[in-house]
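Report on the following structure.
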Amino acid sequence: GDAVDVLIAMNPAALKMNVADLKANGILIVNSDSFKENDLRKAQMTSNPLEDHSLDKYRLFSVELLRLTRAALQHLGVDAKTTDRCKNFFALGMCYWLYNRSMDPTVRWIEDKFKSKPLLAEANKLAMKAGYSYCEATEAFQVSYEIPPAQLEPGIYRSMSGNQALALGFVTAAQKAGLTLFQGSYPITPASDILHELSQYKDFGVMTFQAEDEIAAITSSIGAAYAGALAITTTSGPGMALKTEALGLAVAVEIPLVIVDVQRGGPSTGLPTKTEQADLLQALFGRNSEAPIPVLAASTPGDCFWVAIEACRIAIKYMVPVIVLTDGYLANGAEPWRIPKVSEIPEIPVSFEKNPEGFLPYKRNPQTLARPWAIPGTPGLEHRIGGLEKKDVTGNINYEPLNHENMVRIRAAKVAAVGQDIPDVAPAGDADGDLLIIGWGSTYGSITVAVKAQREKGRRIGHVHLRHLNPLPNNLGEVIKRYKKILVPELNMGQLLWVLRAKYLVDATGLNKIQGRPFKQQELEVKIEEMVGV
Amino acid sequence: GDAVDVLIAMNPAALKMNVADLKANGILIVNSDSFKENDLRKAQMTSNPLEDHSLDKYRLFSVELLRLTRAALQHLGVDAKTTDRCKNFFALGMCYWLYNRSMDPTVRWIEDKFKSKPLLAEANKLAMKAGYSYCEATEAFQVSYEIPPAQLEPGIYRSMSGNQALALGFVTAAQKAGLTLFQGSYPITPASDILHELSQYKDFGVMTFQAEDEIAAITSSIGAAYAGALAITTTSGPGMALKTEALGLAVAVEIPLVIVDVQRGGPSTGLPTKTEQADLLQALFGRNSEAPIPVLAASTPGDCFWVAIEACRIAIKYMVPVIVLTDGYLANGAEPWRIPKVSEIPEIPVSFEKNPEGFLPYKRNPQTLARPWAIPGTPGLEHRIGGLEKKDVTGNINYEPLNHENMVRIRAAKVAAVGQDIPDVAPAGDADGDLLIIGWGSTYGSITVAVKAQREKGRRIGHVHLRHLNPLPNNLGEVIKRYKKILVPELNMGQLLWVLRAKYLVDATGLNKIQGRPFKQQELEVKIEEMVGV
Amino acid sequence: MTTATLPTLTKKDFQTDQEVRWCPGCGDYAILAAVQSVFPELGIPREKFVVVSGIGCSSRFPYYMNTFGFHTIHGRAPAVATGIKAIQPELEVWVATGDGDALSIGGNHTIHMLRRNVGVKVLLFNNRIYGLTKGQYSPTSEFNKKTKSTPFGSVDRPFNPISLAIGAEATFVARSVDVFQQHLKETLRHAAAHRGSAFVEILQNCNIFNDRAWESITEKDARSERVIQLEHGKPLIFGKNREKGIRRRSDGDIEVVPLGNGIGEKDLVVHDAHHPRPSYAFLLSHMEQRPGFPTPIGVLRAWDDLPRYEDVMNEQVSDVIAKRGHGDLSKLLHAGDTWEVK
Amino acid sequence: MTTATLPTLTKKDFQTDQEVRWCPGCGDYAILAAVQSVFPELGIPREKFVVVSGIGCSSRFPYYMNTFGFHTIHGRAPAVATGIKAIQPELEVWVATGDGDALSIGGNHTIHMLRRNVGVKVLLFNNRIYGLTKGQYSPTSEFNKKTKSTPFGSVDRPFNPISLAIGAEATFVARSVDVFQQHLKETLRHAAAHRGSAFVEILQNCNIFNDRAWESITEKDARSERVIQLEHGKPLIFGKNREKGIRRRSDGDIEVVPLGNGIGEKDLVVHDAHHPRPSYAFLLSHMEQRPGFPTPIGVLRAWDDLPRYEDVMNEQVSDVIAKRGHGDLSKLLHAGDTWEVK
Ligand SMILES: Cc1ncc(C[n+]2csc(CCOP(=O)(O)OP(=O)(O)O)c2C)c(N)n1
Ligand SMILES: Cc1ncc(C[n+]2csc(CCOP(=O)(O)OP(=O)(O)O)c2C)c(N)n1
Ligand code: SF4
Ligand code: SF4
Ligand SMILES: [Mg+2]
Ligand SMILES: [Mg+2]
């Protein structure tokens, strides 16, 4: 329809009039300078829409357009009225950045249009460039893409972004486990909003610790987990790299911990505001020595809620660190989310060791191989743990060859044991056929629509979207055999592809896009047709 | 023969008399308290063997046995003479630790032997335990294993350990490149000796910087490389984990840098003094986003010399960071090393950009894809680089989707281009047959002898030992096809195995040992016979 | 409260079954003995103690203390300890660390923990060397030090741990020496009594890789001549016969003066460890670098009026709960704009 | 020497073709202008300048300076700069960093670079906030600060960057303000003149996420009332009519006194930036925390008698070469015990 992608509202009245035309998750730039008390009164608004969450379903950027434009033109010495009119161009400049388009055509247009008034031309150009620079300067502005609307089953819905969903998921998990939620984190785009969200939930007993760096973020979380908290640490790629040594410690001392990596464009600082799926291999292998860790990935913004809970459940049940992968696209993208009944969500059983009788720090639960969670302060459980190799059961430092091999295999077996809880995959679409598409993470939406379209054209295609990347679902190998060809679309150079080839020796094909943005349905369909023929 | 593995020399005379019986690379514990001026004179020694390198071919531990034993027994109040005799048990305790054997039998033997003199028994037990604790306390004592003697071609030889060879290799590379060698490093077992060695070579203009941590170690090296040095940073697994964020920067700014990871037992702090090969996947994938880096591995202590030079050559020619993997076994193990003629070693051509004419920081050499090395201080070359994504050629910050994909592919192509210089593999043993053994790193010696033994028993076996782990030699896939079965023995849980399966879809078998010590010939032969039949 | 019902603990209660594994003659033994004899005096149940360490010889400390113990990774003990205190503020958390662990790789965590005033006691075993890794110089090694990694002498100027801690807003800083058992115990008692961050530098001898590093202070006689023992409220006097004192000069600096002929205690600086501002402690912290000045040991600064980080953190939570009541999960999930799909 | 033959450079020579991209009204523009106007005065060839930064709004600085520039990773600029100086000591290396970059994630590298006295100039843009990441509190934010990450107020006590730098053995510490252009330029000139590590805190306004953070200092009148400009050799006087001074008390502390009726300049502390010991500078560094005391700006400490790290490092190499001659590679390879296999 004629719904718009961007709306720039200079005042409350304009907002009221036009917001209905804005697409869900569309970009809404509002001139916050004109949303003061009496502006609202004039527009007969009882509450401030910039604060009352009524605009949650849009990507709201509340910007002091007036003040900033004035600051930008200060030195020009044009009159106030003209300056203020330039704020439109300031906003336009922002749009150009958000859609990374060139300003040149408009620059020429301005020069032409205001030929007679060179100063005005200058002012407008400056304002536009200032708007553009303003977006570039900070990492505040992240383009987000419309999430293809899914079939909505009946229920109560709200708009939900990935970062928000993670935050709510962790709060829920803590409540269901009856534990204090501790988040040790160091801000980094696009993960910072998880910290911003959780820091508001002190009424749920949430403790947020903004650490001096990512290393202190994860090690303080390890300390908190050791002391009995549900501990999480949240970051993006570069920060993840800094946490890898400490991840090894978490593996060695076998305590529950959830690490969230909201992936962004790289390498290095890369493209902080753009999306990518290229941290999978880092999550699987980015540690010294053999240090296996379960890895989960969320497929939609709303799914982040459920993945957060699942990660906490695994961490606590198996006494392991768990890595959760999302990305910039999920983090900032929003979708309608069916609000679950609190009662629908299973409890997460926790039992701190209490009994000194025969207590040994590495005595294991035979089914999960988990060691006891024996927190300081418990009489009679005084014991020592650390990162050196240790004897199983007693936990005493031990360098004996066979014990080391035994411990390495136990740590691996423990992660493998998580497989007990992973449901078999059931492909969407055709249960067997010409092509199986295996995806993970934020490509879920675009793959789903592409598969739907292609199946309507009569092609026999299945779609498996992996939530568990380590361990992989038990029946995946068998499912793969049911199809002639395997396609693995990823926003990286072929990382899951690599894993599947190694594990199943399957000659799968990759569709790899590494442009800081998601797949277009079109791109997927072209590849599908190329593979199964037109 | 009746050569011994350990020799404990209480004085120069004893050393003189018995050292000949000690195996090459055998453990030599010397009581340094009795190697003072006049002790040497008494034994008619002109120079101090503990300092004159004459014992280089043994693992020399010079220990103040007398002073330490006295300190350990201080509070017992036994007479000086007795105390001093106890130093034998102190040394014995050390041996038990070095071979990690239990002291219990000897404890019982002592108790029995000195039944009548409980105080003496106590003293001897204490001394022995003190010797054991002394080894455990610091990371000074690393068991090293005899390296199976190779066929020695004619030439001048010396005994060479892996860490020493690396140091000499880097000094040689710097000389051949006409660059200052800069080493930014933070001490860590078993890599510290590389720093100790290089810090002695100031007469070669070597600059060693002991940084505050591994992150400063690598980032100072990046700064040094940017300023025109041949820069290296050396560490072990946990330190490697800390360097991964900065590795991404080196990839993004495309400067030459060599990173050495002397692998040790893990995960986390693990077994600092024991050997392991479990950092391969970390070296290949342990970074955020797509950040490919060439990876080399040395196969013998002496080979470390040549690998160091090769790594420097690649880093400079392609303007990339290069990772070198060795391990505790190579680092501390020594072997006879044929000393090359300096003239045999090819120069390493270096050309700093000098010409401002049309200079652009990311303009590439078409053959190597290397960008110019334009060091600060060069008139007219002022330019900016950094970790954000950039436009190729100009190097200006750029977030455009297609440019990003282009840059990611260029960085990958550049690493792939290194393949031009990698010789095809030619299997040792049979050029085709029943079994191909693919190894890497320190397993070279044990695989070689095992293959030799098995071939003498008439089995048709080839052996490929990979020096280049990324990129892999071009013909490896083709070579693999020439054998019925593939065996990949590793001191890890199957890391190269994983890579080969993914790349070549070959159903190779792993032989995995993770006990902090090398393969025994026996273990390999058993596996070979299991695979090709007896 | 619990203390009332406590079985009184003894030194033995804090010893583990693990062989203590340091080199014979290592100063760490003396520090272990002092801690094991002070802990039982504190009237705190044993399970409330947590000893956290990084990596180093000194960091093996937790294995020998029969309390909860966490041997973490190199340099990170202060951050781990901060997480523990946030969740269980009532625990008695002590960090055992070395000059490399705390000031080299761990420098940032150390200064941030002090800045935040987390209620953790830090025992810095300063042997001016990296012991565990066989003797490289450390950030506290003297300039031009010859070590395994610096055969021609180090080129760094050392940190003064006390000055650094004060610059990082530490509320408690003290110094003692491994071989001064009584003084060490007394200092540990002061540290234990401090609620906020307590930073204790312990001069320790590594007789294998840096023997006699502190000889000028520990050798016979030196103690009285080259060391001044600070005691709150007492004048700054030292010397074998307590014949020297430290006096303020009109320019605000200090000077060493001989006592007698007109100069008496009344003229001397009276030690004020509780001063709210750090300048005086800072002035003392590096006076030994000046000819004729002694090395101060004891408590340089103990200002305890600042709330502990973990307490403020937890109060913030309880305040919000007091104001808003306990969060209602269902309400939270339904927050904002909702609609029904039929 | 080169300077003689130098074409004199102008501000323009230090500007790049890249659009300067900070928010309209950001204090960073003023700092950029000041640096671009001071660099040409230094008589140093442009290619000798290297501007190194970490990550942050402030760390975009190098892109706008037409010199060699390296935008590294978050917090690591001091370490990268150290490597550069080791290899090319004659380069003029300046680090542009923020309160998060230099004091949070980069705290350890900052204090170690200062301790070593590496000849690098550090410009710390202190806006008391994380700008680039949209406004979380930083290690210099005031206690109880409400930000995106602390909606109920932060619970950390801030660092005083100057005190921290002094505690870390800094040989040069100064403070200026983005909007005090002349003073800022003068301060930059002093920093440029210092051979060792120069640490300059620049109070900077982030008008998007922490607007008016320094208002109490920058607003009209405040400057004279709440700020004291330090000048070496001049008495400590401030106030609109220079009617207030700072005097030593007999206990070594300082106090603010009104000038007149008997109290004159002669009674006041005369600023000694070149004092070899840091205590006086440290005392000044946190005086503004005390009621009635002004915030000091200008050069607090400039003691330049200490050799630069990179110089000692390079001298050590040349000394060894002078003693032993240039190493002979063949000799090196043949060192130790050798034997021939025929
Ligand atoms: C990440 C990492 N880097 C380096 C090391 C090696 N290492 C262990 S302890 C240590 C320094 C020990 O010195 P100090 O902290 O003074 O303790 P000491 O042994 O002297 O008591 C080093 C460099 C390590 N274990 N981990
Ligand atoms: C390893 C890593 N962690 C976190 C970040 C995110 N980050 C970038 S800049 C910054 C802090 C910026 O604050 P400051 O240093 O004060 O600079 P300002 O933007 O205020 O000038 C953070 C947290 C990052 N880029 N890299
Ligand atoms: S090396 Fe030194 S510090 Fe470590 S245990 Fe031995 S004597 Fe103690
Ligand atoms: S966010 Fe603040 S510091 Fe960053 S550019 Fe904008 S105004 Fe400047
Ligand atoms: Mg030490
Ligand atoms: Mg800032």
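Protein chains in written order, with the working numbering: chain Y, 1 to 534; chain D, 535 to 1068; chain R, 1069 to 1410; chain H, 1411 to 1752.
Every residue gets a Cβ at the ideal spot worked out from N, C-alpha and C, and that includes glycine.
Report the residues of the region 1144-1164 of chain R with a CB closer than 9 Å to any CB of chain Y, ordered along the chain. From the region 1144-1164 of chain R, only Arg1144, Ala1145, Pro1146, Ala1147, Val1148, Ala1149, Thr1150, Gly1151, Ile1152, Lys1153, Ala1154, Ile1155, Gln1156, Glu1158, Leu1159, Val1161 have a Cβ closer than 9 Å to chain Y.
Methionine 493 (chain Y): contacting residues in chain A (beta-carbon distance under 9 Å): Among the chains of the structure shown, chain A does not appear; the protein chains present are Y, D, R and H.
Within 6 Å: the Cβ of threonine 672 (chain D) and any heavy atom of ligand 3? For the purposes of this step, residue 672 (chain D) is identified with residue 138 of the second sequence, where counting begins at 1. Indeed, a heavy atom of ligand 3 lies less than 6 Å from the Cβ.
Using a Cβ-Cβ cutoff of less than 8 Å, which residues in the same chain neighbour glycine 1 (chain Y) once the five nearest sequence positions on both sides are dropped? Along the first sequence, one-based indexing puts residue 1 (chain Y) at 1. No answer about glycine 1 (chain Y) holds up, because its pLDDT of 48 lies below 50 and its placement is not dependable.
Thinking just about the alpha-carbon of each residue, which of R:Ser1386, R:Asn1382, R:Leu1298 is nearest to the one in alanine 1341 (chain R)? One-based indexing of the third sequence puts residue 1341 (chain R) at position 273. The residue with the shortest Cα to Cα distance from alanine 1341 (chain R) is R:Leu1298.
DSSP bridge partner residues for methionine 853 (chain D) (one or two, in chain order): Taking the first residue of the second sequence as position 1, residue 853 (chain D) is located at position 319. Answer by DSSP bridge pairing: none, since methionine 853 (chain D) is not bridged.
Are any of the Cβ atoms in chain H nearer than 7 Å to that of histidine 53 (chain Y)? On the first sequence, residue 53 (chain Y) is found 53 positions in, with the first residue counted as 1. So no, histidine 53 (chain Y) is outside the interface.
Within 7 Å (strictly less), CB to CB, does isoleucine 1123 (chain R) reach chain H? If you number the third sequence from 1, residue 1123 (chain R) lands on position 55. Not an interface residue.
Report the partner residues of methionine 1133 (chain R) according to the DSSP bridge assignment. As a first step, residue 1133 (chain R) must be located in the third sequence, where it is residue number 65. Answer by DSSP bridge pairing, in chain order: R:Gln1083.
If you count every other CB in all the chains shown that lies within 10 Å of the CB of proline 267 (chain Y), and 16 or more means buried, which is it? On the first sequence, residue 267 (chain Y) is found 267 positions in, with the first residue counted as 1. Buried: at least 16 other Cβ atoms inside 10 Å.
Tell me, please, which residues DSSP counts as bridged to arginine 1316 (chain R). If you number the third sequence from 1, residue 1316 (chain R) lands on position 248. Partner(s): R:Ile1322.
Proximity of valine 253 (chain Y) and isoleucine 232 (chain Y) at Cβ, strictly below 7 Å: The sequence position of residue 253 (chain Y) within the first sequence is 253, counting from 1. The sequence position of residue 232 (chain Y) within the first sequence is 232, counting from 1. In this structure, isoleucine 232 (chain Y) does not lie closer than 7 Å to valine 253 (chain Y) by Cβ.
Whose CA, out of D:Gly696, D:Lys736, D:Gln685, lies closest to the CA of glutamine 709 (chain D)? Locating residue 709 (chain D) in the second sequence gives position 175, counting from the first residue. The option with the nearest alpha carbon to glutamine 709 (chain D) is D:Lys736.
Mind listing, in chain order, the continuous alpha helix (DSSP H) runs of no fewer than 4 residues lying wholly within the region 1514-1543 of chain H? Residue ranges of uninterrupted alpha helix (DSSP H) with 4 or more members, entirely inside the region 1514-1543 of chain H and ordered along the chain, are 1517-1526.
Taking only beta-carbon atoms, is threonine 768 (chain D) less than 7 Å away from chain R? Along the second sequence, one-based indexing puts residue 768 (chain D) at 234. By this cut-off, threonine 768 (chain D) is not an interface position.
Evaluate glutamine 164 (chain Y) with the Cβ neighbour count: other Cβ atoms within 10 Å of its Cβ, from every protein chain shown; 16 or more gives buried, anything less gives exposed. Translated into positions along the first sequence, residue 164 (chain Y) becomes position 164. So glutamine 164 (chain Y) counts as buried.
In DSSP terms, what serine 1548 (chain H) is bridged to: Indexing the fourth sequence from 1 puts residue 1548 (chain H) at position 138. Beta-bridge pairing links serine 1548 (chain H) to no other residue.
What would DSSP say about isoleucine 1451 (chain R), mapped onto helix, strand or coil? Past the boundaries of the shown model lies residue 1451 (chain R); chain R is included only from 1069 to 1410, so the question cannot be answered.
Residue nearest to asparagine 1228 (chain R) in terms of C-alpha spacing, selected from R:Phe1277, R:Ala1098, R:Asn1273, R:Ser1172: Counting from one through the third sequence, the residue named residue 1228 (chain R) turns up at place 160. Nearest of R:Phe1277, R:Ala1098, R:Asn1273, R:Ser1172 to asparagine 1228 (chain R), Cα basis: R:Ser1172.
If you run the structure through DSSP and keep just helix, strand and coil, what is threonine 1071 (chain R)? The sequence position of residue 1071 (chain R) within the third sequence is 3, counting from 1. Confidence in threonine 1071 (chain R) is poor, its pLDDT being 46 and thus under 50, which makes the residue's placement too unreliable to answer from.
Residue range of the beta strand (DSSP E) that includes phenylalanine 1117 (chain R): As a position in the third sequence, residue 1117 (chain R) is number 49, starting the count at 1. That run of the beta strand (DSSP E) goes 1117-1121.
Counting beta carbon pairs with one atom in the region 1454-1462 of chain H and one in the region 1675-1692 of chain H, are three or more of them shorter than 8 Å? Contact fails: fewer than three Cβ-Cβ distances are below 8 Å.
Beta-carbon proximity list for arginine 604 (chain D), same chain, < 6 Å, skipping 5 on both sides: Locating residue 604 (chain D) in the second sequence gives position 70, where the first residue counts as 1. Same-chain partners within the cutoff: Thr617.
Within 7 Å of any Cβ in chain Y, is that where the Cβ of tryptophan 1713 (chain H) sits? Start at 1 with the first residue of the fourth sequence, and residue 1713 (chain H) comes out as number 303. Answer no: the Cβ-Cβ gap between tryptophan 1713 (chain H) and chain Y never drops below 7 Å.
What is the residue span of the beta strand (DSSP E) that alanine 765 (chain D) lies within? In the second sequence, residue 765 (chain D) corresponds to position 231, counting from 1. That run of the beta strand (DSSP E) goes 764-769.
Give a yes or no on whether 7 Å exceeds the smallest Cβ distance from proline 721 (chain D) to chain R. Residue numbering aside, residue 721 (chain D) sits at position 187 when the second sequence is read from its first letter. Judged by the 7 Å Cβ criterion, proline 721 (chain D) is in contact with chain R.
Within 10 angstroms of its Cβ, does glutamine 816 (chain D) collect 16 or more other Cβ (buried), or is it exposed? Taking the second sequence and counting its residues from 1, one reaches residue 816 (chain D) at position 282. That one is buried.
Where aspartate 1289 (chain R) falls, given that 16 or more other Cβ within 10 Å makes a residue buried: For the purposes of this step, residue 1289 (chain R) is taken as residue 221 along the third sequence, with counting starting at 1. Counting Cβ neighbours within 10 Å, aspartate 1289 (chain R) comes out exposed, since fewer than 16 surround it.
Who are the near neighbours of leucine 554 (chain Y) in its chain, counting only those whose CB is closer than 6 Å to its CB and skipping five residues on each side? Lying outside 1 to 534, the shown extent of chain Y, residue 554 (chain Y) is not represented and no answer is given.
Helix or strand or just coil, what does DSSP make of glycine 535 (chain D)? Start at 1 with the first residue of the second sequence, and residue 535 (chain D) comes out as number 1. With a pLDDT of only 49 at glycine 535 (chain D), under the threshold of 50, the placement of this residue in the model should not be trusted; the figure read from the coordinates follows. Three-state DSSP puts glycine 535 (chain D) in coil, outside helix and strand.
To the nearest angstrom, how far is the alpha carbon of alanine 315 (chain Y) from that of valine 295 (chain Y)? Counting from one through the first sequence, the residue named residue 315 (chain Y) turns up at place 315. Counting from one through the first sequence, the residue named residue 295 (chain Y) turns up at place 295. The straight-line gap from Cα to Cα measures roughly 11 Å.
Residues in the region 362-389 of chain Y having any Cβ partner in chain D nearer than 8 Å: Gly386, Gly387, Leu388, Glu389
Contact check, glutamine 263 (chain Y) vs glycine 237 (chain Y) under 8 Å by CB: the rounded distance? Position 263 of the first sequence, counted from the start, is the residue given in the question as residue 263 (chain Y). Position 237 of the first sequence, counted from the start, is the residue given in the question as residue 237 (chain Y). At roughly 6 Å, the Cβ-Cβ gap stays under 8 Å, so glutamine 263 (chain Y) and glycine 237 (chain Y) are in contact.
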